[in-house]
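**Student:** Residues 101 to 208, numbered by this note's numbering, are exactly what the sequence shown covers, in order. The beta-carbon is built from N, C-alpha and C at its ideal position, and this holds for glycine as well. Below are the structure tokens for one structure; questions will follow.
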Amino acid sequence: MKDTALSRWEDEGGALPCGPQEALAAACEEEDIPALSDTELTQLRIRVIALENIVLSLLSKASDAQLEQVAAMADLITPRPDATQHPLTIHAATQMNQLVERAGHFRS
101 MKDTALSRWE DEGGALPCGP QEALAAACEE EDIPALSDTE LTQLRIRVIA LENIVLSLLS
161 KASDAQLEQV AAMADLITPR PDATQHPLTI HAATQMNQLV ERAGHFRS
């Protein structure tokens with residue numbers, strides 16, 4: 101039974117290019133997904149704040165190579181000059197760089 105499960109894991113059971121969740125997301129229509137309640141949005145905000153602080157803590161102990169990798173990833177997601185400049189992607193890249201900078205204040 102374990103071998104069967106592992107073999108399905110290795111080939112992702114015929115998953116689509118973006119992984120097994122892609123088929124599930126494609127099958128859902130927007131009206132099937134209920135809107136988040138105020139309580140759920142508040143909990144989501146709390147979790148994002150907690151995760152940001154966890155990442156900040158981890159980055160404060162990261163090696164220079166790891167910090168460079170974060171900066172490289174921020175550069176990678178920043179739209180090229182000839183591409184559509186999506187504000188959320190630009191903001192995400194900026195936030196990544198700011199996290200690295202903030203972590204520098206806690207490095208010993």
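1) Taking Arg202 as the reference, give the member of Ala165, Leu156, Leu167 with the closest Cα.
2) Would you mind reading off the limits of the alpha helix (DSSP H) that contains His205?
3) Rounded to whole angstroms, how far is the Cβ of Ala174 from the Cβ of Asn197, which I believe are closer than 8 Å?
4) Give the secondary structure of Pro181 by DSSP, where H, G and I count as helix, E and B as strand, and everything else as coil.
5) Express the C-alpha separation of Arg207 and Lys161 in angstroms, rounding to a whole number.
6) Would Val148 be called buried (16 or more neighbouring beta carbons within 10 Å of its own) or exposed?
**Tutor:** Looking at the coordinates:
1) Leu156
2) Note, His205: premise wrong, no alpha helix (DSSP H); not H, not E.
3) 5 Å
4) coil
5) 6 Å
6) exposed
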